[in-house]
Amino acid sequence: MVQYNRVRALKAVREDYLDPRPIFNNSPFERVFCIKRYMVDGLLGKLVNHNSFWTSTVDACGQKSIDPYVKFLAAQKMICYGVSVSAFCDYFQIGESTGRLCCDDISSYYLRFPTKQDARNITSLHKRQHGIDGMMGSLDVTKVHWANCPTAWHGQFKGKEGIPTISLHCFPGSSVEAVSDYNLWIWHSTFGFPGSLNDLNIWEKPPLFNSMTDGTHNEIDFPFIIDGQLFTELFYLVDGIYPWLSQFLLTVKDQQHLWISTTRPFRSGKREAIEEAVRRVEEEVPIGDSIRLHYRDDIFFLVKATIVMHNMMVEARCENGELESESYYEYSDCIDDTASANENTDTGPYEL
């Protein structure tokens, strides 16, 4: 059994990174942890408010628990490099189970499914930017080449592309058009479906579809009004491969339905956010051309870590004033049932 020295770990972290004159200052810190040094306190403060796991306590033996800074930097380094805690256990003096808890809690904050308050913030943001209420964001799926797919699996992972591929399914909750930039926080993502799935049966796999069919998604819905008509379900912008569900607004041309035909330019333009989000994720992690890892678990962890880092950067840009923000990404699990459609009586302008 390894006796970890928590005092030694905290001393090393402070001398190397956190002291007023650390050994590794701003640029080296950002190169190692992929975040700026001034962001540490803010990110850690959000995690403390989210879960008491990050607070400093005293255990049953009277010893002080692992310092929150040690936990955070250990998890951040694991996320940056996509490796297990055993790669850094000698420096951070932290066990594998604690390291996994740190990573899981960060992921639960930055990869959480929207709460009802999150949904209100997202739709409010889209209403100001696009002039339409009730929009949660855009949804899309993309496939990437799995270069080192095991030969025995080629049959199920090889689709119309003729090469083994893996599907990435995600939607960014906040697609804000502001000059040439966007808010691209990713609220939901699933990864790893075989490339042999087509446009119809792949949609049956993600948990987002299950939440719509089992009623879980209804927990975040609230009534809103568009052009004098009352709606009770929030919607997503999707392309023509998705089914005709009440939560989907498809970008298809239908001359028989004037409303669908005239809204096509609006929907096509606003869905550019999801394409930009996927492009940025592919730039941040080497999944754009091909995946050269062999084990699917390693690939899943890599993609998950990349999306966590991506959302951290979106939040930082909002706090720096680069994107429109009013604490949209602050975690809140409260459900306000007192709000009603009366709060959304503004019916214009909606150029639909």
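Here the working numbering is used: the first residue of the sequence shown is 1, the next is one more, and so on.
Beta carbons: idealized from backbone N, C-alpha and C, even for Gly.
Boundaries of the alpha helix (DSSP H) harbouring L125: K116 to H130, taken from the DSSP string.
T55: not part of any alpha helix (DSSP H); DSSP gives it neither H nor E. Taking a contact as a CB-CB distance under 8 angstroms, the pair V40 and F72 counts as one, their CB atoms being some 7 angstroms apart.
Assignment of Y4 by DSSP, reduced to helix, strand and coil, places it in the coil class. Judged by beta-carbon spacing, F231 lies beyond the 8 angstroms limit of L249, meaning their Cβ atoms are not closer than that value.
Beta-bridge partners assigned by DSSP to V238: L250.
Secondary structure note for Q76: it is in no beta strand (DSSP E), and the uninterrupted alpha helix (DSSP H) holding it is P68 to Y81. A buried status is given to Q247, since no fewer than 16 other beta-carbon atoms sit within 10 Å of its beta-carbon.
Distance from the CA atom of M78 to the CA atom of C102, rounded to whole angstroms, is 10 angstroms. In the three-state reduction of the DSSP assignment, Q229 falls in the strand class.
The continuous alpha helix (DSSP H) containing F209 extends over residues P207 to T213.
Inter-residue distance for Y4 and S97 is about 13 angstroms (C-alpha atoms, whole angstroms). When the alpha-carbon of M313 is set against those of W185, F224, S189 and G215, the nearest one is in W185.
I132 and I226 have their alpha carbons spaced roughly 7 angstroms apart.
The beta-bridge partner set that DSSP reports for F92 is empty. Check the Cα spacing between D140 and each of D239, G42, K64 and N201: the tightest is with D239. Taken through DSSP and simplified to helix, strand or coil, K64 comes out as strand. According to DSSP, M135 shares a beta bridge with F235. Around K205, the same chain offers F193 as residues with beta carbons nearer than 6 angstroms, after the five sequence neighbours per side are excluded. Between the C-alpha atoms of I35 and V70 there is a straight-line separation of about 15 angstroms. The three-state reading of DSSP puts F33 in helix, counting H, G and I together. Shown here, F301 sits in a helix according to DSSP, grouped into three states.
V48 places its beta carbon less than 8 angstroms from that of T55. Approximately 7 angstroms separates the beta-carbon atoms of A74 and V85; this is inside 8 angstroms, confirming the contact.
Residue state for F224 is assigned as strand, using DSSP reduced to three classes. Ranking E233, E15, D297 and D105 by CA distance to the CA of K46 puts D105 first.
Under the DSSP assignment, G45 falls in the alpha helix (DSSP H) whose first and last residues are M39 to H50. S124 and I220 have their C-alpha atoms spaced approximately 14 angstroms apart.
Straight through space, the alpha carbons of Y38 and M309 are spaced by roughly 16 angstroms.
Scanning its chain for C-beta atoms nearer than 8 angstroms, with the 5 sequence neighbours on each side dropped, one finds around F209 the residues W203, in chain order. Secondary structure at K11: helix, using DSSP grouped into helix, strand and coil. About 16 angstroms separates the beta carbons of L111 and I299, which is beyond the 8 angstroms limit, so they are not a contact pair.
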